[in-house]
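Heads up: the protein sequence lines correspond to chains X and F, in order.
By my numbering, the letter at position 156 of the first sequence is numbered 156, and the numbering carries on one by one without gaps.
By my numbering, the letter at position 170 of the second sequence is numbered 170, and the numbering carries on one by one without gaps.
2 protein chains.
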Amino acid sequence: MEKPMHALPPSLRELIAALNGLPGVGPRTAERLALYLVQTNREAAEQLVRRLAKACERLQFCEQCGALTETQPCPVCADPERDQSMICVVEKPVDIPLIERARVYRGLYHVLGGKISPLRGVEPEDLRIAQLEERVRRGGVREVILALPTDVEGDATAHYLAETLGGLGVKLTRLGYGMPAGAELEHTDELTLGRAMEGRAELG
Amino acid sequence: MEKPMHALPPSLRELIAALNGLPGVGPRTAERLALYLVQTNREAAEQLVRRLAKACERLQFCEQCGALTETQPCPVCADPERDQSMICVVEKPVDIPLIERARVYRGLYHVLGGKISPLRGVEPEDLRIAQLEERVRRGGVREVILALPTDVEGDATAHYLAETLGGLGVKLTRLGYGMPAGAELEHTDELTLGRAMEGRAELG
Numbered sequence: 001m002e003k004p005m006h007a008l009p010p011s012l013r014e015l016i017a018a019l020n021g022l023p024g025v026g027p028r029t030a031e032r033l034a035l036y037l038v039q040t041n042r043e044a045a046e047q048l049v050r051r052l053a054k055a056c057e058r059l060q061f062c063e064q065c066g067a068l069t070e071t072q073p074c075p076v077c078a079d080p081e082r083d084q085s086m087i088c089v090v091e092k093p094v095d096i097p098l099i100e101r102a103r104v105y106r107g108l109y110h111v112l113g114g115k116i117s118p119l120r121g122v123e124p125e126d127l128r129i130a131q132l133e134e135r136v137r138r139g140g141v142r143e144v145i146l147a148l149p150t151d152v153e154g155d156a157t158a159h160y161l162a163e164t165l166g167g168l169g170v171k172l173t174r175l176g177y178g179m180p181a182g183a184e185l186e187h188t189d190e191l192t193l194g195r196a197m198e199g200r201a202e203l204g
Numbered sequence: 001m002e003k004p005m006h007a008l009p010p011s012l013r014e015l016i017a018a019l020n021g022l023p024g025v026g027p028r029t030a031e032r033l034a035l036y037l038v039q040t041n042r043e044a045a046e047q048l049v050r051r052l053a054k055a056c057e058r059l060q061f062c063e064q065c066g067a068l069t070e071t072q073p074c075p076v077c078a079d080p081e082r083d084q085s086m087i088c089v090v091e092k093p094v095d096i097p098l099i100e101r102a103r104v105y106r107g108l109y110h111v112l113g114g115k116i117s118p119l120r121g122v123e124p125e126d127l128r129i130a131q132l133e134e135r136v137r138r139g140g141v142r143e144v145i146l147a148l149p150t151d152v153e154g155d156a157t158a159h160y161l162a163e164t165l166g167g168l169g170v171k172l173t174r175l176g177y178g179m180p181a182g183a184e185l186e187h188t189d190e191l192t193l194g195r196a197m198e199g200r201a202e203l204g
């Protein structure tokens, strides 16, 4: 009988397998990451263990808006100075700090947790749409702003939300379409240009 | 004074920063990975924490050959049935199971931990070359096989090793160059074809 081959140590094989499952991490990247962590940079590995364990322990979803938060409700929902009559609907928790950085919005948020995508099997029931409807039905909400991606799935989600929230007596708006800041016409696609043309505003 | 903006929770920001430092992981991927782990798949996150902690705790470098191992010395070095007179030199620990799978080599290994690359600041002293020389000087070694990458840096490393080990009375070989298995000529680069031509063998 042939002698057994010598393979990678079990704990290294298991680490590579765990990394390999992550989004955007193929077998080669998983192997490279695992070796980097256990071989080249143990400090980075130990930091990652600590921070990932801490994030898992501390982060929860805000019961009202669905944002990732360490406190319940999240700091935005708990802030009495935010305008309680406005809800800005976003796809992901990370969209919130992007809008906050613009410093023009002082209302509340609602995280859908994705966008409707029949191709990828994401149905309206998979998103936090019922919770949004419930928040609007409870009353006190004047305007719902859809700050969704301007792609096909984002548009489909916006369309579905317009149907769901229509007739509830709330003003429904979306982010303005048009030219991004600092853009040249020659580097702007025709769909964006068309929307910017339609959304043109008077000067002065 | 303006009200403070609401940002991502600290533990999430810290996790993204830790991921962002890893090879091949940019800020966008780090964000996507962090959200996937804490938001979409907590089980994957907890598994990764466990496996990474375990790998860090168990894996060490074999004191003789430099392979990643859970035992000291590693299973190959500890195996009395392996041919102690042959050392196969590889760049990375993961190269060992690749060679083992070919089931033609029954000697020992030596992991360099990289290849000489002045451009990336990797000098001979950064690799386990002195340890290899020491192993050869100790005696009992008949042949050293260089199983290094066939790129410029691999060739430079092989050249340096040939100089270092020359005169120590050991036979120095490298892996054969030529056509890879299952390759068509039209998809084979000219350097490989040239080497295959030089390394041609008689039939029958």
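Glycine included, each C-beta is placed from N, C-alpha and C at the ideal position.
It should be emphasised that the depicted structure is a prediction, and the values quoted were computed from it without experimental measurement.
- Counting Cβ pairs, one atom from each stretch, are 3 or more of them under 8 angstroms apart for the stretch 141-151 of chain F and the stretch 168-181 of chain F? yes
Through-space distance from residue 47 of chain X to residue 164 of chain F, alpha-carbon basis: 39 angstroms
So what's residue 197 of chain F in DSSP terms, helix, strand or just coil?
-> Reduced to three states, the DSSP call for residue 197 of chain F is helix.
- [ ] Kindly list, in the order they appear in chain F, the residues whose Cβ is closer than 9 angstroms to that of residue 131 of chain X.
- [x] The premise fails here: residue 131 of chain X is roughly 16 angstroms from chain F at the closest Cβ pair, so nothing lies under 9 angstroms.
Since residue 74 of chain X sits in a beta bridge, which residues does DSSP pair it with? Paired residue(s): none; residue 74 of chain X is not in a bridge.
*Where does residue 171 of chain X fall in DSSP's three states?*
strand
Just to make sure I have the definition right: I need the residues of chain F whose C-beta is within less than 9 angstroms of the C-beta of residue 39 of chain X. Which are they?
Close to residue 39 of chain X, with beta-carbon spacing below 9 angstroms, are these residues of chain F in chain order: 59, 61, 68, 92, 93, 113.
Next item on the list: Take every Cβ of the stretch 107-122 of chain X, pair it with every Cβ of the stretch 77-85 of chain X, and state whether three or more of those distances are shorter than 8 angstroms.
Entry: yes
When the Cα atoms are used, what is the spatial distance from residue 1 of chain F to residue 103 of chain X?
Note that residue 1 of chain F scores a pLDDT of 42, beneath 50, so its modelled location is shaky; the value from the coordinates is reported in the next line. Cα to Cα, residue 1 of chain F sits roughly 13 angstroms from residue 103 of chain X.
- Query: Roughly how many whole angstroms lie between the Cα atoms of residue 59 of chain F and residue 68 of chain F?
  - Reply: Spanning the two alpha carbons is a distance of roughly 6 angstroms.
State the start and end residues of the unbroken beta strand (DSSP E) segment that holds residue 65 of chain X. First-last for residue 65 of chain X: undefined, no H or E at that position.
Report task. Count the C-beta pairs between the stretch 31-39 of chain X and the stretch 49-57 of chain F that are closer than 8 angstroms, then say yes if the count reaches three, no if not. Result -> yes
| task | Take the Cβ of residue 6 of chain X as the centre, count every other Cβ of all protein chains shown within 10 Å, and call the residue buried at 16 or more, exposed below. | result | buried
**Message:** When you compare the CB positions of residue 94 of chain F and residue 8 of chain X, do they come within less than 8 angstroms of one another, or not?
**Reply:** By the CB criterion at 8 angstroms, residue 94 of chain F and residue 8 of chain X fall inside the cutoff.
| message | Given a cut-off of 8 angstroms on the beta-carbon distance, is the pair residue 124 of chain F and residue 177 of chain F in contact? | response | no
Q) Who are the Cβ neighbours of residue 131 of chain F in its own chain at under 8 angstroms, not counting the five residues just before and after it? A) 66, 110
Measuring only the C-alpha atoms, how far is residue 83 of chain X from residue 41 of chain X?
47 angstroms
For residue 109 of chain F, the three-state DSSP class (helix, strand or coil):
strand
Fill in: Where residue 129 of chain X falls: helix, strand or coil (DSSP)
It is helical.
Assuming residue 72 of chain F and residue 62 of chain F form a contact by the criterion Cβ under 8 angstroms, report the distance between their Cβ atoms to the nearest whole angstrom. Contact flag correct, Cβ pair sits at about 7 angstroms.
Quiz item: Mind pulling the chain X residues with CB within less than 9 angstroms of residue 29 of chain F?
Solution: 23, 24, 25
Could you work out which residues of chain F lie near residue 47 of chain X, taking near to mean beta carbons separated by less than 7 angstroms?
Contacts between residue 47 of chain X and chain F, judged by CB atoms closer than 7 angstroms, involve 18 in chain order.
Cβ-based burial, residue 91 of chain X [other Cβ within 10 Å; buried from 16]:
Under this definition residue 91 of chain X is a buried residue.
Local Cβ density within 10 Å of residue 157 of chain X, reported as buried at 16 or more and exposed below that: buried
inquiry  = Among the candidates X:114, X:51, X:19, X:21, whose CA atom is the shortest distance from the CA of residue 155 of chain X?
reply    = X:114
*Hey, residue 15 of chain X and residue 51 of chain F: beta-carbon distance below 8 angstroms or not?*
yes
Discussion item. Buried or exposed, going by whether 16 or more other CB atoms sit within 10 Å of the CB of residue 136 of chain F?
Written reply: buried
Alpha carbon to alpha carbon, how far is residue 119 of chain F from residue 101 of chain F?
33 angstroms
Straight-line Cα distance separating residue 17 of chain X from residue 153 of chain X: Distance between the alpha carbons of residue 153 of chain X and residue 17 of chain X: 32 angstroms.
**Asked** Looking only at C-alpha atoms, which of X:116, X:25, X:168 sits nearest to residue 138 of chain X?
**Response** X:168
Original post:
In chain order, what residues of the same chain lie with their CB nearer than 8 angstroms to the CB of residue 81 of chain F, ignoring the 5 residues before and after it?
Top reply: 106
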